[in-house]
Amino acid sequence: MKKVIITGVSTGIGYSSAKILCNSGYMVYGSVRKSEDIERIADKLGENFHPLIFDVTNSKAISESIEKVRSDLKPGECIAALVNNAGI
83 MKKVIITGVS TGIGYSSAKI LCNSGYMVYG SVRKSEDIER IADKLGENFH
133 PLIFDVTNSK AISESIEKVR SDLKPGECIA ALVNNAGI
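The opening residue of the sequence shown carries number 83 in my numbering; numbering runs sequentially from there.
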């Protein structure tokens with residue numbers, strides 16, 4: 083299963099991109115700023131969606147999320163795409 087990271091999946095283009103990719107069989111790591119958005123988004127996107135909670139202006143939170151994704155990767159696996167969609 084290919085894996086992608088999309089920032090800013092709470093609404094708009096980020097959410098739509100995550101939905102299309104999840105429905106196409108991709109594992110999507112999607113960032114949201116507010117933890118209260120996770121349940122709503124995860125319910126709609128299903129089991130292929132894996133939330134990451136961070137604000138793109140917080141470098142420490144980004145580093146922690148990168149480590150989470152790395153720990154999920156098997157040897158030889160990589161991220162197929164990164165969609166930097168979050169507004170700054």
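Built from N, CA and C at the ideal position, the CB exists for glycine as well.
Inter-residue spacing [alpha-carbon to alpha-carbon] between residue i and residue j
i: Ala168; j: Val138; result: 7 Å
i: Gly96; j: Val165; result: 8 Å
i: Lys156; j: Val86; result: 14 Å
i: Arg115; j: Cys160; result: 24 Å
i: Lys101; j: Ile120; result: 14 Å
i: Leu147; j: Tyr108; result: Checking the displayed sequence, the identity of residue 147 turns out to be Ser instead of Leu. Rounded to the nearest angstrom, the two C-alpha atoms are 18 Å apart.
Cβ pair residue i, residue j closer than 8 Å
i: Ser113; j: Phe136; result: yes
i: Arg104; j: Leu134; result: The sequence as given places Cys at residue 104; Arg does not occur at that position. Cβ distance not < 8 Å, so Cys104 and Leu134 don't count as in contact.
i: Val110; j: Ile88; result: yes
From the options, residue whose alpha carbon lies closest to that of residue i
i: Lys84; options: Arg115, Phe131 and Ala124; result: Phe131
i: Ser117; options: Ile87, Lys142, Ala163 and Val91; result: Val91
i: Ile231; options: Ser106, Ser98, Lys142 and Ser141; result: This structure cannot speak to residue 231, because the chain is shown only from 83 to 170.
i: Glu129; options: Asn140, Ser106 and Lys150; result: Ser106
Within the stretch 92-153, note down every full alpha helix (DSSP H) run reaching 4 residues or more, in order along the chain. 94-105 and 118-127
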